[in-house]
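Written below as structure tokens is the structure these notes are about.
Number of protein chains: 2
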Amino acid sequence: MELLEKRIQRDGIVEDADVLKVDGFLNHQIDTALIDQLGAEFARLFGDAGATKVVTIEASGIAIAYATALHLGVPLVFAKKAKTRNVAGGVFATRVLSFTHGSSYDVVVSRRFLTPADTVLIVDDFLANGNALAGLLDIAQQAGAAVAGIGIAVEKGFQEGGARIRARGYRVESLAIVQSMDPATGAIEFAPNA
Amino acid sequence: MELLEKRIQRDGIVEDADVLKVDGFLNHQIDTALIDQLGAEFARLFGDAGATKVVTIEASGIAIAYATALHLGVPLVFAKKAKTRNVAGGVFATRVLSFTHGSSYDVVVSRRFLTPADTVLIVDDFLANGNALAGLLDIAQQAGAAVAGIGIAVEKGFQEGGARIRARGYRVESLAIVQSMDPATGAIEFAPNA
Numbered sequence: 764m765e766l767l768e769k770r771i772q773r774d775g776i777v778e779d780a781d782v783l784k785v786d787g788f789l790n791h792q793i794d795t796a797l798i799d800q801l802g803a804e805f806a807r808l809f810g811d812a813g814a815t816k817v818v819t820i821e822a823s824g825i826a827i828a829y830a831t832a833l834h835l836g837v838p839l840v841f842a843k844k845a846k847t848r849n850v851a852g853g854v855f856a857t858r859v860l861s862f863t864h865g866s867s868y869d870v871v872v873s874r875r876f877l878t879p880a881d882t883v884l885i886v887d888d889f890l891a892n893g894n895a896l897a898g899l900l901d902i903a904q905q906a907g908a909a910v911a912g913i914g915i916a917v918e919k920g921f922q923e924g925g926a927r928i929r930a931r932g933y934r935v936e937s938l939a940i941v942q943s944m945d946p947a948t949g950a951i952e953f954a955p956n957a
Numbered sequence: 764m765e766l767l768e769k770r771i772q773r774d775g776i777v778e779d780a781d782v783l784k785v786d787g788f789l790n791h792q793i794d795t796a797l798i799d800q801l802g803a804e805f806a807r808l809f810g811d812a813g814a815t816k817v818v819t820i821e822a823s824g825i826a827i828a829y830a831t832a833l834h835l836g837v838p839l840v841f842a843k844k845a846k847t848r849n850v851a852g853g854v855f856a857t858r859v860l861s862f863t864h865g866s867s868y869d870v871v872v873s874r875r876f877l878t879p880a881d882t883v884l885i886v887d888d889f890l891a892n893g894n895a896l897a898g899l900l901d902i903a904q905q906a907g908a909a910v911a912g913i914g915i916a917v918e919k920g921f922q923e924g925g926a927r928i929r930a931r932g933y934r935v936e937s938l939a940i941v942q943s944m945d946p947a948t949g950a951i952e953f954a955p956n957a
């Protein structure tokens, strides 16, 4: 999506060969008009996929997932990061390994909000190693819900998450796929067709 | 706001005299059409207050704060809960005491996103004891930003937060103020004029 690629080129900060900061418009300060357009694009891409709910994980995916759900006219469910290993009953729970923080955390969704009658569209701001996404897919599977697809704002194409999830047969639509970054020059290369 | 009060009456769950669950439409599963209307109402109420940014705290306030910011045509900044006491430089940080979890946590906002040129509208889903709100006000003060006001979806009128913040001179607009709840009958009474 050219709009997003241009914005990343303009305002993204290449901190090193692996770390791209987009916190000026995507996940700390949020350009609401931009996010609304990204949500509209996901709604267009997945408009015929029969999603009954959009699902994301707190916190940075909430705005873009909300925008998508609003455009699709369906509810948003966001998975919560649980504080403890012993999660109370009434929830679907899964463990997510965080490379960023070098730790793992539990993620939960109330059983009241996902059922076998649901078809979920999973939306998140970033896809790198794909661990958070795998956790959401696990929760959808526990609920018996179908998966309409996965919408990602920024995919790091040089990490394995996208290939791993696509190899499992899921439709993944990433609005921008970063192919490489040069911390010396700040240059960012995108994969074609994103 | 009658729309919100009716929805709370219909779908809110009174767990005990202090605990109201609205996770079916407000802060776990999110009714996106409802949240859009709440955001539009905050934008109407504070439309002349000169807000340059909407500020909230992750995670459950993000959707309603995003909706408000979108309607106002300004960016959203959400404060992040920090993992450690030693927060890296470049941020405004404050400590928030959580009664819910019996602990405290640090909240941070990058210094790049709040300046003395900003006038912030603070938006959150709940106001009870007011500690999270006091933290956001502290961050605004550290940044030298003006405060246009505070928009709250559901205020617990029987806890001290609202009175404490109003006594400091801030304009607080709560779309529904719960006056009392009866866990035996599930009855919920609202304060007038909300």
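For the protein sequence lines, the chains are W and E, in the order given.
Using my numbering, you'd call the opening residue of the first sequence number 764 and step up by one each time.
Using my numbering, you'd call the opening residue of the second sequence number 764 and step up by one each time.
Even for Gly, the Cβ is constructed at its ideal location relative to N, Cα and C.
Because the structure is a prediction, the values reported are computed rather than measured.
- Distance from the CA atom of residue 949 (chain E) to the CA atom of residue 922 (chain E), rounded to whole angstroms, is 19 Å.
- Secondary structure note for residue 939 (chain W): its beta strand (DSSP E) is the uninterrupted segment 935-945.
- Taking C-alpha positions only, residue 875 (chain W) is separated from residue 853 (chain W) by approximately 8 Å.
- If you draw a straight line from the Cα of residue 834 (chain E) to the Cα of residue 825 (chain E), it comes to about 14 Å.
- Counting C-beta pairs with one atom in each stretch, the region 810-821 of chain E and the region 784-793 of chain E have fewer than three that are closer than 8 Å, which means they do not touch.
- Scanning W:877, W:918 and W:917 for the CA closest to the CA of residue 907 (chain W) turns up W:877.
- Taking the CA atoms as reference points, residue 880 (chain W) sits about 18 Å from residue 841 (chain W).
- Restricted to the region 800-845 of chain E, the alpha helix (DSSP H) segments that are unbroken, complete and at least 4 residues in length are 825-835, listed in chain order.
- Taken through DSSP and simplified to helix, strand or coil, residue 795 (chain W) comes out as helix.
- Rounded to whole angstroms, the Cβ separation of residue 896 (chain W) and residue 764 (chain W) is 19 Å, and the two are not in contact under 8 Å.
- Residue 927 (chain W) and residue 856 (chain W) have their C-alpha atoms some 22 Å from each other.
- When only Cα atoms are considered, residue 785 (chain E) and residue 799 (chain E) end up about 16 Å apart.
- Listed along chain E is no residue with a C-beta nearer than 7 Å to that of residue 855 (chain W); the closest approach is about 12 Å.
- Using a 10 angstroms sphere on the CB of residue 872 (chain W), the tally of other CB atoms reaches 16 or more, which defines it as buried.
- DSSP, read as helix, strand or coil, puts residue 773 (chain W) in helix.
- Neighbours of residue 838 (chain E) in chain W, taken as residues at a C-beta separation under 7 Å, are given in chain order as 792, 793, 794 and 795.
- The beta carbons of residue 886 (chain E) and residue 831 (chain E) sit closer together than 7 Å.
- The beta carbon of residue 829 (chain E) sits closer than 7 Å to the beta carbons of 839 from its chain, once the five residues preceding and following it are set aside; these are given in chain order.
- Minimum Cα-Cα distance from residue 867 (chain E) among the listed residues E:889, E:916, E:894 and E:883 corresponds to E:894.
- Closer than 9 Å at the C-beta level to chain E, one finds these residues of the region 795-822 of chain W: 795, 796, 798, 799, 816, 817, 821 and 822.
- Residue 854 (chain W) has W:873 as its beta-bridge partners, per DSSP.
- The three-state reading of DSSP puts residue 903 (chain W) in helix, counting H, G and I together.
- Any Cβ of chain E closer than 7 Å to the Cβ of residue 902 (chain W) would place that residue at the interface, and such an atom is absent.
- Taking the beta carbon of residue 873 (chain E) as reference, the chain W residues within 8 Å of it are 786, 791 and 792, listed in sequence order.
- Beta bridge pairing from DSSP links residue 913 (chain E) with E:885 and E:935.
- Exclusion of the five residues before and after residue 859 (chain W) leaves 867, 868, 870, 894, 895 and 898 as the residues of its chain whose Cβ lies within less than 7 Å of its Cβ.
- By the CB criterion at 7 Å, residue 767 (chain W) and residue 775 (chain W) fall outside the cutoff.
- For residue 789 (chain W), the three-state secondary structure derived from DSSP is coil.
- Residue 804 (chain E) counts as buried, since no fewer than 16 other beta carbons sit within 10 angstroms of its beta carbon.
- DSSP lists no bridge partner for residue 921 (chain W).
- A Cβ-Cβ contact shorter than 7 Å links residue 889 (chain W) with residue 917 (chain W).
- With 16 or more neighbouring CB atoms inside 10 Å of its own CB, residue 770 (chain E) falls in the buried class.
- When the Cα atoms are used, residue 892 (chain E) and residue 930 (chain W) turn out to be separated by approximately 48 Å.
- For residue 794 (chain W), the closest C-alpha among the options W:935, W:823 and W:925 is that of W:823.
- Distance check between residue 801 (chain W) and each of W:812, W:827 and W:809 places W:827 closest, using alpha-carbon atoms only.
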